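The structure appears right after this line, and notes come after that.
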Amino acid sequence: MTAPLPTTGTLLTVAPTGAEHEKAEVPNLPVTLDELVKTAADCQRVGAGLIHVHIRDDDAEPTLDLGRLKETVDALRSETDLVVQLSTGGAVTDPEEDRLAVLDALPDSASCTMGTVNFGDAVFMNRWEFIVELHKRMQERQIVPEYEIFDLGQLSSLQRLLDQHGLPAGGHVHVDLVMGVPGGMPGDTTTLTAALRLLPEGATFSATGVGRSTLPVLLASLSAGGHLRVGMEDTLSYARGERVRDNAQLVARAAAVSRIAQRPPLTPEQARKLLGVRQ
Ligand code: KMH
Ligand code: ZN
Numbered sequence: 006m007t008a009p010l011p012t013t014g015t016l017l018t019v020a021p022t023g024a025e026h027e028k029a030e031v032p033n034l035p036v037t038l039d040e041l042v043k044t045a046a047d048c049q050r051v052g053a054g055l056i057h058v059h060i061r062d063d064d065a066e067p068t069l070d071l072g073r074l075k076e077t078v079d080a081l082r083s084e085t086d087l088v089v090q091l092s093t094g095g096a097v098t099d100p101e102e103d104r105l106a107v108l109d110a111l112p113d114s115a116s117c118t119m120g121t122v123n124f125g126d127a128v129f130m131n132r133w134e135f136i137v138e139l140h141k142r143m144q145e146r147q148i149v150p151e152y153e154i155f156d157l158g159q160l161s162s163l164q165r166l167l168d169q170h171g172l173p174a175g176g177h178v179h180v181d182l183v184m185g186v187p188g189g190m191p192g193d194t195t196t197l198t199a200a201l202r203l204l205p206e207g208a209t210f211s212a213t214g215v216g217r218s219t220l221p222v223l224l225a226s227l228s229a230g231g232h233l234r235v236g237m238e239d240t241l242s243y244a245r246g247e248r249v250r251d252n253a254q255l256v257a258r259a260a261a262v263s264r265i266a267q268r269p270p271l272t273p274e275q276a277r278k279l280l281g282v283r284q
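For the sequence shown, my numbering begins at 6 and goes up steadily by one.
Written as structure tokens, this is what we have:
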């Protein structure tokens with residue numbers, strides 16, 4: 006496999022909430038629909054093209070409630086132009102049926118994690134049959150997957166999935182390298198380079214570094230022609246000793262570095278084109 010050539014622009018994904026941080030400990034984490042929509046609009050204004058969404062219930066706990074997911078997709082579509090991507094990863098405790106049902110909210114895109122991985126002290130379960138079912142249901146619903154890769158072997162699984170079950174909706178393969186999760190691949194340049202050798206032919210990739218690997222992964226991905234994911238799902242620290250103010254602060258920094266690299270942020274419309282999402 007050859008590494009993809011640098012593209013002209015950078016897809017900036019914001020992952021604003023996640024399922025792991027507690028609102029009580031992180032008061033600026035967007036958890037209500039209003040907070041999420043405001044975050045999305047702010048992030049679009051400073052360069053985001055896609056939003057990776059986890060939602061919370063009235064107690065700010067992670068939920069996959071289908072009604073809430075539909076309402077969230079509708080609100081994000083009416084208030085922003087962002088590509089709306091729902092997480093099918095959810096929280097590590099979420100059952101497979103609920104994770105599959107996320108697709109019935111008919112987002113533009115959805116995540117699809119390519120294997121089981123230790124996730125801190127927990128296990129993030131992604132059985133092969135479950136992955137295949139996610140892939141097929143996304144093909145049926147014309148939802149564009151983003152293949153989430155937590156460890157290098159998961160790229161071999163992705164190749165196997167494509168060989169056995171065909172290309173995703175939209176015909177383009179986009180991968181997100183989630184690096185630096187305790188239990189997954191480390192977030193450094195050497196590992197990112199190794200991952201590129203395993204990408205399916207013609208695939209594009211973004212990368213995110215969890216915690217202190219945020220900046221090394223951002224710089225490595227940009228220099229390798231990759232796209233970027235940033236957000237409070239992945240890091241709560243802006244710099245040494247400085248907490249993140251809000252998600253837009255992280256997107257604005259990623260946009261500034263992208264511009265310096267002559268790879269300015271893609272608009273949401275350009276992001277749709279790149280990913281093969283319906284216009
Ligand atoms: N919350 C993690 C267990 C995804 O969104 O698809 C899984 C996750 C991946 O965040
Ligand atoms: Zn996620």
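Just so you know, even glycine gets a beta-carbon here, dropped at the ideal spot from N, CA and C. For clarity, every value in this text was computed on a predicted model and none was experimentally measured.
Straight-line spacing of the CA atoms in residue 267 and residue 223 works out to 15 Å.
Residue range 219 to 228 is occupied by the alpha helix (DSSP H) that includes residue 221. Here residue 137 is not near residue 91, since their CB atoms are 7 Å or more apart.
Contact check between the stretch 104 to 122 and the stretch 152 to 169: three or more CB pairs, one atom from each, fall below 8 Å, which counts as touching.
By the Cβ criterion, the stretch 133 to 148 is not in contact with the stretch 190 to 210, since fewer than three pairs of Cβ atoms, one from each stretch, lie closer than 8 Å.
Taking 7 Å as the cut-off, the Cβ atoms of residue 87 and residue 270 do not count as close. Straight across, the Cα-Cα distance linking residue 108 with residue 146 is about 8 Å. Residue 135 sits in a helix when the DSSP states are folded into three classes. Proximity of the beta carbon of residue 92 to the ligand ZN is indicated: a heavy atom of the ligand is located closer than 6 Å. Relative to the ligand KMH, the beta carbon of residue 153 is positioned inside 6 Å of a heavy atom. Straight through space, the alpha carbons of residue 257 and residue 105 are spaced by roughly 33 Å. Secondary structure within the stretch 106 to 135: the beta strand (DSSP E) runs of 3 or more consecutive residues, fully enclosed, are 114 to 118, 122 to 124 and 127 to 129 (chain order).
Just so you know, the alpha carbons of residue 127 and residue 97 end up roughly 7 Å apart. Shortest gap from the CB of residue 88 to any heavy atom of the ligand KMH: 6 Å or more.
Counting only residues of its own chain and dropping the five nearest sequence neighbours on each side, residue 16 has a CB closer than 7 Å to the CB of 54, 55, 211, 232, 271, 276 and 279. In this structure, residue 20 keeps its C-beta atom at 7 Å or more from the C-beta atom of residue 251. Beta-bridge pairing by DSSP links residue 170 to no other residue.
In this structure, residue 51 lies near residue 253, with their beta-carbon atoms less than 7 Å apart.
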